[in-house]
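Inspection log for the structure reproduced underneath, given as structure tokens.
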Amino acid sequence: MCEEDALSALETGADIIGISNHGGRVLDSTPGVADVLPNIVKAIRNTKKGKKVVITADGGVRTGFDVVKMLALGADHVLTGRPIVREAVPHGAEGVRSLIDYMRSDIEKAMIMTSCNTLEDINSDILYDI
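For the sequence shown, position 70 matches number 70 in full-length UniProt numbering, and the numbering has no gaps at all.
Right, here's the structure in full:
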């Protein structure tokens, strides 16, 4: 989960680079994906091939608002696992559908509040740095 690893993957011919903390809850002092994503994206995009590679982000994504944040930080695609599993186990496919609908609603709300008409409009300008 660093620039060097991403660039190494790019050099080996990767078309997709996944930025993930791989269940970071196991180690309490590792950075979150959102903390490292902007620097990794910048390092990748500053290479010739990096303009074409797909960057996925996975880690700490629980809501549609989290999806928008990851997109704003530079991810092309956002993955979520734990919330899906937590709905699938007790509620099956209907629970997963309900969660996806809820996340979609969050994404739509965030886009309205940040004046983003399309997913492509989402960028770091919508974020507030504390």
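Beta carbons are placed, not taken as given, at the ideal position from N, Cα and C, and that holds for glycine.
Status (buried if at least 16 other CB within 10 Å, exposed otherwise) for residue i
i: G64; result: buried
i: C116; result: buried
i: K69; result: buried
i: L99; result: buried
i: N21; result: buried
i: G59; result: buried
i: V36; result: buried
i: A93; result: exposed
i: I107; result: buried
Beta-carbon gap between residue i and residue j smaller than 8 Å
i: L10; j: V53; result: yes
i: A57; j: N123; result: no
i: P83; j: R97; result: no
Start-to-end residues for the alpha helix (DSSP H) that takes in residue i
i: L37; result: 33 to 45
i: L71; result: 64 to 72
i: D58; result: Careful: D58 lies outside any alpha helix (DSSP H), inside the beta strand (DSSP E) at 54 to 58.
i: S20; result: Where S20 is concerned, there is no enclosing alpha helix (DSSP H), although the beta strand (DSSP E) it sits in stretches over 16 to 20.
i: L7; result: 3 to 11
Where the beta strand (DSSP E) containing residue i begins and where it ends
i: D101; result: Counting along the chain, D101 falls outside any beta strand (DSSP E), though it belongs to the alpha helix (DSSP H) covering 82 to 113.
i: L79; result: 77 to 79
Inter-residue CB distance, residue i and residue j (contact presumed, cutoff 8 Å)
i: G95; j: A88; result: 6 Å
i: A34; j: I17; result: The pair is not a contact, with the Cβ atoms about 16 Å apart (cut-off 8 Å).
i: I126; j: T118; result: Actually they are not in contact, since the Cβ atoms of I126 and T118 sit about 13 Å apart, beyond 8 Å.
Is it a yes or a no for the stretch 41 to 56 touching the stretch 3 to 23, going by three-plus beta-carbon pairs under 8 Å? yes
Assess contact between the stretch 69 to 83 and the stretch 32 to 42, defined as three or more Cβ pairs (one per stretch) separated by less than 8 Å. Is contact present? yes
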